[in-house]
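Heads up: the sequence shown is residues 0 to 253, going by numbering that gives the first Met the number 0. Ideal Cβ placement from N, Cα and C applies to all residues, glycine included. Computed from a predicted model, the values in this text were never measured in an experiment.
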Amino acid sequence: MKKILDYARKNLFLSFVILVYALLLIFKTPLALGAIKNSGYYFKEMLFIMPVILLLTALLNAWVPKETIQKHLGSGSGFKGSVFSFILGSISAGPIYAAFPVAITLLKKGASVTNVVVLLSSWAVVKIPMLANEAKFLGPKFMLMRWVLTTIAIFLTGAICSKFVSREEILELHPEEDSLEQLSLDSEFCIGCGVCVKLDPAHFAMLGKKAEVISLKNLQTPELIKAVQSCPVQIIHLETSSPRLKAKTAPARS
């Protein structure tokens, strides 16, 4: 019972939603069943979309150097970076909730708040396939005027948000990357393959469907180095002062 209460306190919004559903089932059963049916539809949609998005963000995190993100999407990229973010969002596919893992990955890699806001906003409201449907149903003139005004608003919103919300403030919500000084694993991008656990059970374990670091002792074993090298999405980070070990564990880049 204590564990349930602790979980409810840590997840107040989810607990509130469950409570509302429970009350609806008791007092408004038909309405509750309709809501559950709609929720089931979106849940199934997420099951198809989110694994692909998480895999893509894991690949982005592992294969795209931080310097590249900082150059093209960082605070020094200027208006060119905002235009690039706008284009990325406009040609994207999938619902807006699929953009949030991409956004936090870009922030961790050095993207600015302005450019992340532009990316999310353009992903939500100016995607090219959506514009085609809008022109079909509401007319090209309506679509063009809305696109122009929305685009201006997106760039203004990005600039304003960056004045009130800092990148560091957002990253404070994800402290797990700094909690392990020498060995860390980006568990949110783990695809659950279990390779690291099989190769080095002394340092890794499966918690649910994700791998986690369970020990920070003896970080120079051949098993650990092999596990770092064998991770298919390169989300295990072993930091050491030994140049030899750094060379061994550094992921290869094409």
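Environment of residue i [buried if 16+ CB atoms lie within 10 Å]
i           : result
residue 104 : buried
residue 42  : exposed
residue 72  : buried
residue 67  : exposed
residue 29  : exposed
residue 100 : buried
residue 138 : exposed
residue 56  : buried
residue 11  : exposed
residue 9   : exposed
residue 33  : exposed
residue 81  : buried
residue 163 : exposed
residue 4   : exposed
residue 87  : buried
residue 85  : buried
Contact check, residue i vs residue j, beta carbons under 7 Å
i           : j           : result
residue 89  : residue 127 : yes
residue 153 : residue 117 : yes
residue 165 : residue 194 : no
residue 188 : residue 60  : yes
residue 144 : residue 130 : no
residue 119 : residue 102 : yes
residue 223 : residue 199 : yes
residue 112 : residue 161 : yes
residue 122 : residue 95  : yes
residue 149 : residue 125 : yes
residue 23  : residue 31  : yes
residue 255 : residue 93  : Because the chain here runs from 0 to 253, residue 255 falls outside it and cannot be looked at.
Cutoff 8 Å; reference residue i; Cβ partners in own chain excluding five residues on either side
i           : result
residue 35  : 20
residue 176 : Caution applies to residue 176, whose pLDDT of 48 falls short of 50 and renders its modelled position unreliable; the value that the coordinates give is listed next. Here the set comprises 107, 183 and 185.
residue 65  : 108 and 109
residue 211 : 184, 186, 203, 204 and 205
residue 237 : 181, 182, 218, 223, 224, 227, 244 and 248
residue 83  : 71, 72, 76 and 114
residue 78  : none
Boundaries (first-last residue) of the beta strand (DSSP E) holding residue i
i           : result
residue 212 : 209-212
residue 188 : No beta strand (DSSP E) holds residue 188; DSSP gives it neither H nor E.
Contact set for residue i: own chain, Cβ-Cβ below 7 Å, skip 5 residues either direction
i           : result
residue 180 : Per-residue confidence for residue 180 stands at a pLDDT of 42, beneath the threshold of 50, marking its modelled position as unreliable; the derived number appears in the next sentence. Within the same chain, residue 180 has no close Cβ partners at all.
residue 235 : 184, 195, 226 and 227
residue 192 : 231
residue 146 : 125 and 130
residue 134 : 142
residue 74  : 111
residue 208 : 191
Any non-hydrogen atom of the ligand ADP closer than 6 Å to residue i Cβ
i          : result
residue 14 : Within the structure as shown, the ligand ADP is missing, as the structure has no ligands at all.
N- and C-terminal bounds of the alpha helix (DSSP H) containing residue i
i           : result
residue 45  : 28-62
residue 236 : It is not in any alpha helix (DSSP H) - residue 236 instead sits in the beta strand (DSSP E) that spans 235-237.
residue 206 : Note, residue 206: premise wrong, no alpha helix (DSSP H); beta strand (DSSP E) at 203-206.
residue 96  : Element bounds for residue 96: n/a, residue is neither H nor E.
residue 7   : 1-9
residue 148 : 139-163
residue 86  : 77-89
residue 65  : 65-72
residue 229 : 221-229
residue 111 : Premise fails: residue 111 is in no alpha helix (DSSP H) and is neither H nor E.
residue 198 : 194-198
residue 170 : 166-170
Spatial neighbours of residue i in its chain, beta-carbon cut-off 6 Å, leaving aside the 5 residues before and after
i           : result
residue 7   : 14
residue 91  : 122
residue 213 : 204
residue 69  : 109
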